[in-house]
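Peer 1: Numbers given in the numbering used here equal positions in the sequence shown, counted from 1, plus 34.
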Amino acid sequence: MIPTITAFKNSPDRGRGQARDMRVRWALEEVGQPYNVRLVSFEEMKEPGHLALHPFGQIPTYEDGDLALFETGAIVLHIAERHGVLLPTETNARARAITWMFAALNTVEPPIVDFGMAMLLERDESWYEERLPVLKDRVRVRLGELSSRLGDADWLDGAFSAGDLLMVTVLRRLNSSHILGDYPNLSSYVARGEARSAFRRAFDAQLAVFTAASSS
Ligand code: GTB
35 MIPTITAFKN
45 SPDRGRGQAR
55 DMRVRWALEE
65 VGQPYNVRLV
75 SFEEMKEPGH
85 LALHPFGQIP
95 TYEDGDLALF
105 ETGAIVLHIA
115 ERHGVLLPTE
125 TNARARAITW
135 MFAALNTVEP
145 PIVDFGMAML
155 LERDESWYEE
165 RLPVLKDRVR
175 VRLGELSSRL
185 GDADWLDGAF
195 SAGDLLMVTV
205 LRRLNSSHIL
215 GDYPNLSSYV
225 ARGEARSAFR
235 RAFDAQLAVF
245 TAASSS
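#1: Would R176 pass as a contact of P145 if the rule is Cβ separation under 7 Å?
#2: Evaluate E163 with the Cβ neighbour count: other Cβ atoms within 10 Å of its Cβ, from every protein chain shown; 16 or more gives buried, anything less gives exposed.
#3: Nearest to V173 by alpha carbon, out of G150, A187, L155, M35?
#4: Could you please give me the residues that DSSP links to E97 through a beta bridge?
#5: Compute the distance between the beta-carbons of T95 and L85, then report whether it is under 7 Å.
#6: Among M35, T38, K43, which has the Cα closest to the Cα of S248?
#7: For D188, which residues in the same chain have their Cβ closer than 8 Å to its Cβ, ignoring the five residues on either side in sequence?
#8: Do W60 and F244 have their C-beta atoms within less than 7 Å of each other?
#9: With R57 as the anchor, note down where its beta strand (DSSP E) starts and where it stops.
#10: State yes or no: is the C-beta of E164 nearer than 6 Å to some heavy atom of the ligand GTB?
#11: Give me the residue from G215, D98, E97, G197 with the minimum Cα distance to T133.
#12: Is any heavy atom of the ligand GTB found at a distance shorter than 6 Å from the C-beta of I93?
#13: Using a Cβ cut-off of 7 Å (strictly closer), state whether L87 contacts chain B.
#14: Mind pulling the beta strand (DSSP E) runs of 3 or more residues that sit fully within the stretch 70 to 149?
#15: If you count every other CB in all the chains shown that lies within 10 Å of the CB of G83, and 16 or more means buried, which is it?
#16: Does the pairing of the stretch 197 to 208 with the stretch 128 to 142 give three or more beta-carbon distances under 8 Å?
#17: Taking its Cβ as the centre, do 16 or more other Cβ atoms sit within 10 Å of T123, making it buried, or is it exposed?
#18: Here's the rule I'm using: 16 or more other beta-carbon atoms within 10 Å means buried, otherwise exposed. How should P37 be labelled?
#19: Hey, could you find the ends of the alpha helix (DSSP H) L177 is sitting in?
#20: Let's test the definition: count the other Cβ atoms within 10 Å of the Cβ of L101 and tell me whether it reaches 16, buried, or not, exposed.
#21: Rounded to a whole number of angstroms, what is the C-alpha to C-alpha distance between E63 and D186?
#22: Assign Q52 to one of three DSSP states: helix, strand, or coil.
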């Protein structure tokens, strides 16, 4: 059975790999699993049909036969387990790779999202100029810690894993700021992820949605 994922009909980033279906597309490309995409508008995401799949009315979702999932971490973990790729088989190494998945989503992503949302939505607030440096510092703390841990390794713990896949997509959210440039090993880490052929295929597929929509 070919799984179906949902993605934005009109992504605000114009298909530049920032919306979270990118993670799921990348994981599916890494394991060589073809997939269908159902595009949804912002209105459709809040309608009962989509809410039955995703209680928070968001994308992406993942459907495969009787199974319907939401939350990118859970979806990527499921894909990795189902295909026996993207996670080591040795028990402890596998647990460490899953730890990095959680670290990407629970520890590194929140300050990056807060920083991004402030730049996007809060520029006109009276407190913006005061708050932004605080949010930026929180991002820098996490990047400094991550940079120290990565050191000169290619990936976070041995071979490329689902933990790296999620961490790279989280760090890519900083693309529009120049913060990552202050951490050369993290910039190289993201570039290594983006150079993977599976990443390129996923990126091109997401971009093609925008290109098709803007030419119709
Ligand atoms: N924790 C969930 C997960 O990991 O799956 C979060 C899912 C989520 O935030 N989905 C967003 C969504 O559906 C899209 S990815 N938002 C609509 C809503 O909540 O009503 C977040 C996102 C959107 C757009 C950009 N961009 O254009 O740059 C970047 C990230």
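By construction, the Cβ of each residue, glycine as well, lies at the ideal position given by its N, Cα and C atoms.
Peer 2: The relevant details are as follows:
#1: Taking 7 Å as the Cβ cut-off, R176 and P145 qualify as a contacting pair.
#2: Per the 10 Å Cβ criterion, exposed.
#3: If we check each option's Cα against that of V173, G150 comes out closest.
#4: E97 pairs with T38, A102.
#5: At the C-beta level, T95 and L85 stay beyond 7 Å of one another.
#6: Considering only alpha carbons, the answer is K43.
#7: Within the same chain, D188 has close Cβ partners F194, Y223, R226.
#8: No.
#9: For R57, no beta strand (DSSP E) encloses it; the enclosing alpha helix (DSSP H) starts and ends at 55 to 65.
#10: Not under cutoff, so the answer is no.
#11: Put simply, of G215, D98, E97, G197 the residue whose alpha carbon is nearest the alpha carbon of T133 is G197.
#12: In this structure, the C-beta of I93 approaches the ligand GTB to less than 6 Å from one of its heavy atoms.
#13: Of the chains in the structure shown, none is chain B; there is only one protein chain.
#14: Counting only runs of at least 3 residues, the stretch 70 to 149 fully encloses the following beta strand (DSSP E) elements, listed from N- to C-terminal order: 70 to 74, 95 to 98, 101 to 104.
#15: Burial check for G83: the Cβ neighbour count within 10 Å stays below 16, so the residue is exposed.
#16: Contact check between the stretch 197 to 208 and the stretch 128 to 142: three or more CB pairs, one atom from each, fall below 8 Å, which counts as touching.
#17: So T123 ends up on the exposed side.
#18: Answer is buried; the Cβ neighbour count reaches 16.
#19: For L177, the uninterrupted alpha helix (DSSP H) run begins and ends at 162 to 184, by DSSP.
#20: Classification of L101: exposed, given that the 10 Å Cβ count is below 16.
#21: E63 and D186: Cα-Cα distance of roughly 27 Å.
#22: Reduced to three states, the DSSP call for Q52 is coil.
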